[in-house]
Amino acid sequence: KIRHWEALSNEDYMRNFYTPSDAMRNLGGLTLISPMYFQFGLLLMSTIREITSQKALKANKNLCMTHAENTIGRDEFLKEQFLKCDADAPVTEEFKLTVYQKIWKKAIHARAGVEVR
């Protein structure tokens, strides 16, 4: 994680990952995504955009969320990329995988919400 005040003093973070409008709204209370997870995040979101697109929603109808969750849940490459992000973290792989699952589920639901508006 990176805190708001740390991001403000990091030129690369500000230029590439933290819009001025987000920084103004944050007011220092939110924890931000660590730069070591950005490549994984981009990969996750591009995968989610593919499986929750309007085309995918039309094809899968009422099963679209089940299909999306099954697809991400079985994606070993994506899981490996997440685990590589902070390989030295002092937590078990089981804990990391619990966090991973929470992240991708929240991301799927957020993205699907955008598509069905």
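69 is the number that the numbering used here gives to position 82 of the sequence shown; each next residue is one higher, with no gaps.
Idealized CB from N, CA, C, for every residue including glycine.
These numbers were taken from a predicted model, which means no experiment stands behind them.
{"Check": "Under 8 Å, do M23 and C72 count as touching if we go by C-beta distance?", "Outcome": "yes"}
{"Check": "Is the CB-CB distance between I59 and I20 below 8 Å?", "Outcome": "no"}
{"Check": "May I have the straight-line CA-CA distance separating D62 from L29, to the nearest angstrom?", "Outcome": "15 Å"}
{"Check": "Looking at the secondary structure, which residues open and close the alpha helix (DSSP H) in which A105 lies?", "Outcome": "Residue 105 lies beyond the residue range present for the chain, which begins at -12 and ends at 104; the question has no answer from this structure."}
{"Check": "Around the Cβ of L65, are there at least 16 other Cβ atoms within 10 angstroms (buried) or fewer (exposed)?", "Outcome": "buried"}
{"Check": "Compare the Cα-Cα distances from Q68 to each of A76, N47, K42, F27 and report the closest residue.", "Outcome": "F27"}
{"Check": "I'd like the ranges of any alpha helix (DSSP H) spanning at least 4 consecutive residues and lying wholly in the region 25 to 73.", "Outcome": "25 to 38, 41 to 47, 51 to 60, 63 to 72"}
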